Amino acid sequence: MARASWAPGRVNLIGEHTDYSGGLVLPAAIELGVAVEIDGTAPTVSLVSLEFGPAEPFAPDGGGAQATGWARYPQAVAAELAALGRPAVGLEGTVASDLPSGAGLSSSAALEVAVALGLCAVADFELEPLELALACQRAELRAVGVPCGILDQAGSVLGRRGAAILLDCGTLELRFVPVPEEAALVVLDSGVERRLEGSGYATRRAELEHALRLVGAERSTELELADLEQLDPLSLRRLRHVVTENGRVRRFAAALEAGDLRAAGRLLSESHASLRDDYEVSTPELDELVRVAEDAGAYGARLVGGGFGGSVLALADVETAGRLGGLVVHASDGARLKTYAKT
Ligand code: GLA
538 MARASWAPGR VNLIGEHTDY SGGLVLPAAI ELGVAVEIDG TAPTVSLVSL EFGPAEPFAP
598 DGGGAQATGW ARYPQAVAAE LAALGRPAVG LEGTVASDLP SGAGLSSSAA LEVAVALGLC
658 AVADFELEPL ELALACQRAE LRAVGVPCGI LDQAGSVLGR RGAAILLDCG TLELRFVPVP
718 EEAALVVLDS GVERRLEGSG YATRRAELEH ALRLVGAERS TELELADLEQ LDPLSLRRLR
778 HVVTENGRVR RFAAALEAGD LRAAGRLLSE SHASLRDDYE VSTPELDELV RVAEDAGAYG
838 ARLVGGGFGG SVLALADVET AGRLGGLVVH ASDGARLKTY AKT
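The opening residue of the sequence shown carries number 538 in the working numbering; numbering runs sequentially from there.
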């Protein structure tokens, strides 16, 4: 029997730049992702990407010289799993992806999660889904120095067909919120490649943590707008985005549950305005795409993911979605291991 691991990308319906302050997010896994076909166990981890070519083999515990290029992610995953006690079993595998990279759909998280599942499988090592997601989140930091939150990895691991995941990133409590069938989720790529490495992402996180310290809060969900009145203008803007975004996540989930797509769409557009004006992570191309989607009759639209490029998510009815072009994605099941007969 042959084995392959597979992990999806995610689309975050709402709750952007809230995860690293213990806020609320609402991602859904999508049907596109990264697969690692496991050819067998081996003394090293030896991976070939159909897209990026072969990676220099590395030790099963992720030790040794730091890999370069895309291999930084799998190597960092191996190191994080070793720290959790995964036996040092290597593998030979082929990595294939149908997820566009740099579009804000979390291709790096999908790669991390797929590799993690494969490494766990060959070593008969098991982790709870959220433990695996947290290990992959730490791997992102180790690999490329991006201090990301848990959003992308949790979305990839926890996805469920037809539903979004309402996750409190402070407590890791979650519940599933059904996405109405008549809601089309359309991803429109701005064509400006987004890489969090080297973007303003780390700066935003530092600014937000500074603002949280000023108001003496551990988690953004503890705060209300009235708590922000004494802040300097920059800290006020950053934290106001997060506090209002947490509120929008709650209201968006309620709107989905009530089948009120108009209300949900308005919240998306409000989220975009807040990301643009208060959090300052938009670009002129993303703003323009949001306008185009709204003018074409979408219920609402906003930039998705870290910003500074990448994509816009529009919520529309099926007919409008067809007019918009772009990539229509569906809330889908999360990462898994597949076993199949080798032909
Ligand atoms: C990136 C990060 C996530 C999250 C989003 C913004 O996708 O990887 O952890 O912070 O940006 O919501």
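Glycine is no exception: its CB is placed at the ideal position from the N, C-alpha and C atoms. Predicted model only: the values in this text are computed from it and were never measured.
- Not one heavy atom of the ligand GLA falls within 6 Å of the beta-carbon of His778.
- By the CB criterion at 7 Å, Ser586 and Val632 fall inside the cutoff.
- Annotation: Leu642 to Pro564 spans about 11 Å, alpha carbon to alpha carbon.
- Take Ser811, set aside five residues on each side of it, and the residues of its chain with a beta-carbon closer than 7 Å to its own are His778, Thr781, Glu782, in chain order.
- The beta-carbon separation of Ser848 and Ser727, rounded to 6 Å, stays under the 8 Å limit for a contact.
- Leu722 and Val865 have their C-alpha atoms roughly 6 Å apart.
- In chain order, Ala660, Phe662 place their CB closer than 6 Å to the CB of Arg623, counting only its own chain and leaving out the 5 sequence neighbours on each side.
- Under the 10 Å beta carbon count, Gln767 is surrounded by fewer than 16 other beta carbons and is classified as exposed.
- The beta carbon of Cys673 sits no closer than 6 Å to any heavy atom of the ligand GLA.
- By the criterion of a C-beta distance shorter than 7 Å, Ile551 is surrounded in its chain by Leu563, Arg785, Val786, Phe789, Leu804, Leu805, Ser808, once the five residues flanking it on both sides are discounted.
- With a minimum length of 3 residues, the unbroken runs of beta strand (DSSP E) contained wholly in the segment 693–744 fall at 700–705, 711–715, 721–726.
- Inclusion of Leu688 in the 6 Å shell around the ligand GLA follows from its C-beta lying nearer than that to a non-hydrogen atom of the ligand.
- Residue burial is scored here from C-beta neighbours: Ala795 has fewer than 16 other C-beta atoms within 10 angstroms and is therefore classed as exposed.
- Contact annotation: Leu874 and Ala658 have beta-carbon atoms nearer than 7 Å.
- In this structure, the CA atom of Val829 is about 10 Å from the CA atom of Leu725.
- Val786 sits in a helix when the DSSP states are folded into three classes.
- Here DSSP, grouped into helix, strand and coil, assigns Leu642 to coil.
- In this structure, Ala653 sits near Val614, with a CB-CB distance shorter than 7 Å.
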